[in-house]
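The structure appears right after this line, and notes come after that.
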Amino acid sequence: MSLRQVRSSPLLAMATSAFNLAPSDNMMITNQSNTSLAHDFHCIELCFEHNSVSVSASEMGFAHAFVRLALERHLLSRHLSELFSHSDLLQTLYKREAFLRTDGEDLRKQFLAHIESLELLDYKCFSNSYPDIDIIYHVIIVPTRARATGISSITTANPYIALAGILGSTKVMP
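End of the sequence shown sits at 1533 in my numbering; the numbers just go up one at a time, nothing left out.
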(Lines of atoms letter the chains of each structure in order from A and count residues from 1; the text may use other names and numbers.)
(Lines give C-alpha, C1' and ligand atoms only; values in the text may rest on other atoms or scores of the structure.)
Protein backbone atom coordinates (compact mmCIF):
# COMPACT_ATOMS: atom_id res chain seq x y z
CA MET A 1 0.00 0.00 0.00
CA SER A 2 1.43 3.37 -0.90
CA LEU A 3 1.29 6.55 1.11
CA ARG A 4 -1.12 8.02 -1.41
CA GLN A 5 -3.60 5.31 -0.42
CA VAL A 6 -3.02 6.00 3.27
CA ARG A 7 -3.74 9.71 2.86
CA SER A 8 -7.01 8.94 1.11
CA SER A 9 -8.25 6.84 4.03
CA PRO A 10 -11.36 8.09 5.85
CA LEU A 11 -9.61 8.46 9.22
CA LEU A 12 -6.78 10.59 7.92
CA ALA A 13 -9.20 12.57 5.78
CA MET A 14 -11.23 13.45 8.90
CA ALA A 15 -8.11 14.41 10.83
CA THR A 16 -6.86 16.49 7.92
CA SER A 17 -10.11 18.43 7.65
CA ALA A 18 -10.51 18.85 11.43
CA PHE A 19 -7.04 20.34 11.85
CA ASN A 20 -7.08 22.22 8.54
CA LEU A 21 -4.05 20.29 7.31
CA ALA A 22 -3.82 21.20 3.66
CA PRO A 23 -0.98 19.22 2.06
CA SER A 24 1.99 21.36 1.22
CA ASP A 25 5.54 20.47 0.27
CA ASN A 26 6.55 23.91 1.53
CA MET A 27 5.17 23.34 5.04
CA MET A 28 8.60 23.27 6.66
CA ILE A 29 9.57 26.49 4.92
CA THR A 30 6.39 28.47 5.59
CA ASN A 31 5.89 27.42 9.23
CA GLN A 32 8.74 29.15 11.03
CA SER A 33 7.89 27.86 14.52
CA ASN A 34 7.90 24.19 13.45
CA THR A 35 6.10 23.19 16.66
CA SER A 36 2.57 22.79 15.35
CA LEU A 37 0.60 19.59 14.96
CA ALA A 38 0.25 20.35 11.26
CA HIS A 39 4.02 20.61 10.86
CA ASP A 40 4.67 17.19 12.41
CA PHE A 41 1.80 15.66 10.43
CA HIS A 42 3.28 16.92 7.16
CA CYS A 43 6.81 15.91 8.14
CA ILE A 44 5.66 12.32 8.51
CA GLU A 45 3.76 12.53 5.22
CA LEU A 46 6.76 13.92 3.36
CA CYS A 47 9.18 11.52 5.00
CA PHE A 48 7.18 8.44 4.02
CA GLU A 49 6.32 9.86 0.62
CA HIS A 50 9.99 9.94 -0.34
CA ASN A 51 10.93 6.60 1.25
CA SER A 52 9.56 3.13 0.72
CA VAL A 53 9.12 2.17 4.36
CA SER A 54 6.77 -0.75 4.87
CA VAL A 55 5.74 0.39 8.37
CA SER A 56 4.04 3.45 6.86
CA ALA A 57 1.68 1.26 4.86
CA SER A 58 -1.07 1.48 7.46
CA GLU A 59 -2.76 4.17 9.50
CA MET A 60 -1.34 2.54 12.62
CA GLY A 61 2.20 2.77 11.23
CA PHE A 62 1.60 6.41 10.37
CA ALA A 63 0.31 7.05 13.91
CA HIS A 64 3.31 5.29 15.48
CA ALA A 65 5.72 7.41 13.45
CA PHE A 66 3.81 10.57 14.36
CA VAL A 67 3.93 9.80 18.10
CA ARG A 68 7.62 8.90 17.91
CA LEU A 69 8.46 12.14 16.11
CA ALA A 70 6.42 14.23 18.57
CA LEU A 71 8.08 12.47 21.52
CA GLU A 72 11.56 12.99 20.10
CA ARG A 73 10.82 16.68 19.48
CA HIS A 74 9.35 17.11 23.03
CA LEU A 75 5.96 18.11 21.61
CA LEU A 76 3.78 15.10 22.42
CA SER A 77 1.87 16.69 25.31
CA ARG A 78 1.21 19.82 23.25
CA HIS A 79 -0.16 17.75 20.36
CA LEU A 80 -2.30 15.62 22.67
CA SER A 81 -3.71 18.76 24.30
CA GLU A 82 -4.71 20.00 20.87
CA LEU A 83 -6.31 16.64 20.08
CA PHE A 84 -8.27 16.77 23.36
CA SER A 85 -9.71 20.12 22.32
CA HIS A 86 -11.34 18.58 19.21
CA SER A 87 -14.12 16.57 20.85
CA ASP A 88 -16.05 16.21 17.58
CA LEU A 89 -13.10 14.41 15.97
CA LEU A 90 -12.59 12.20 19.03
CA GLN A 91 -16.28 11.24 19.02
CA THR A 92 -16.03 10.26 15.37
CA LEU A 93 -12.84 8.21 15.67
CA TYR A 94 -13.10 6.56 19.10
CA LYS A 95 -15.64 4.45 20.94
CA ARG A 96 -17.39 5.92 23.97
CA GLU A 97 -15.30 3.91 26.44
CA ALA A 98 -11.95 4.97 24.91
CA PHE A 99 -9.59 6.86 27.22
CA LEU A 100 -9.29 9.81 24.84
CA ARG A 101 -13.04 10.39 25.14
CA THR A 102 -13.16 10.37 28.92
CA ASP A 103 -15.15 13.19 30.46
CA GLY A 104 -12.86 13.46 33.48
CA GLU A 105 -10.78 16.59 33.04
CA ASP A 106 -8.62 15.53 36.00
CA LEU A 107 -7.71 12.27 34.25
CA ARG A 108 -6.68 14.15 31.12
CA LYS A 109 -4.55 16.59 33.12
CA GLN A 110 -2.89 13.74 34.99
CA PHE A 111 -2.22 11.90 31.72
CA LEU A 112 -0.70 15.01 30.14
CA ALA A 113 1.45 15.55 33.24
CA HIS A 114 2.89 12.06 32.82
CA ILE A 115 3.53 12.71 29.12
CA GLU A 116 5.26 16.00 30.01
CA SER A 117 7.57 14.11 32.38
CA LEU A 118 8.70 12.03 29.38
CA GLU A 119 9.77 15.25 27.68
CA LEU A 120 12.50 15.77 30.27
CA LEU A 121 14.46 12.95 28.65
CA ASP A 122 15.95 12.84 25.18
CA TYR A 123 14.46 9.96 23.23
CA LYS A 124 15.69 9.10 19.77
CA CYS A 125 12.66 6.91 19.14
CA PHE A 126 11.96 8.32 15.65
CA SER A 127 15.59 8.39 14.51
CA ASN A 128 16.33 4.91 15.86
CA SER A 129 13.09 3.32 14.60
CA TYR A 130 13.66 4.34 11.00
CA PRO A 131 17.45 4.15 10.46
CA ASP A 132 17.17 3.67 6.69
CA ILE A 133 14.81 6.57 6.11
CA ASP A 134 15.98 9.67 4.27
CA ILE A 135 15.21 12.74 6.35
CA ILE A 136 14.25 15.70 4.20
CA TYR A 137 15.79 19.10 4.78
CA HIS A 138 15.15 22.30 2.87
CA VAL A 139 17.84 24.91 2.43
CA ILE A 140 16.64 28.44 1.77
CA ILE A 141 19.11 30.91 0.31
CA VAL A 142 17.91 34.50 0.26
CA PRO A 143 20.05 37.09 -1.56
CA THR A 144 20.37 40.45 0.20
CA ARG A 145 21.91 43.83 -0.47
CA ALA A 146 25.66 44.27 -0.08
CA ARG A 147 26.96 45.53 3.24
CA ALA A 148 29.76 48.02 3.64
CA THR A 149 31.86 45.75 5.87
CA GLY A 150 33.53 42.37 5.64
CA ILE A 151 33.18 39.79 2.92
CA SER A 152 29.73 41.05 2.01
CA SER A 153 31.17 44.05 0.21
CA ILE A 154 33.45 41.83 -1.90
CA THR A 155 30.73 39.75 -3.52
CA THR A 156 27.41 40.59 -5.10
CA ALA A 157 25.83 37.49 -3.58
CA ASN A 158 25.13 38.02 0.13
CA PRO A 159 22.92 35.09 1.00
CA TYR A 160 21.20 34.29 4.24
CA ILE A 161 20.67 30.58 4.80
CA ALA A 162 18.01 28.80 6.82
CA LEU A 163 17.86 25.03 7.24
CA ALA A 164 14.52 23.37 8.05
CA GLY A 165 13.81 19.69 8.45
CA ILE A 166 11.79 17.06 10.21
CA LEU A 167 13.73 17.04 13.46
CA GLY A 168 14.32 20.77 13.72
CA SER A 169 15.31 23.98 12.02
CA THR A 170 17.79 26.80 12.33
CA LYS A 171 17.34 30.52 12.54
CA VAL A 172 18.48 32.61 9.61
CA MET A 173 22.27 32.39 9.34
CA PRO A 174 24.20 35.16 7.58
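For every residue, glycine included, the Cβ atom is placed at its ideal position computed from N, Cα and C.
G1420, DSSP secondary structure in three states: In the structure shown, the three-state DSSP call for G1420 is helix.
Residue burial classification, E1431 (beta-carbon count within 10 angstroms, cutoff 16): Answer is buried; the Cβ neighbour count reaches 16.
Three CB pairs or more closer than 8 Å across the segment 1426 to 1443 and the segment 1463 to 1476: The segment 1426 to 1443 makes contact with the segment 1463 to 1476, as at least three CB pairs between them are under 8 Å.
7 Å Cβ shell around E1441 - same chain, five flanking residues per side excluded: Close CB contacts of E1441 within its chain, under the 7 Å cut and outside five residues either way in sequence, are with L1396 (chain order).
Burial state of F1345 (16 or more Cβ within 10 Å): Within the shown structure, residues of the chain are numbered from 1360 to 1533, placing residue 1345 beyond reach of any answer.
Nearest-angstrom Cα separation, counted from R1460 out to S1446: C-alpha separation (whole angstroms): 8 Å.
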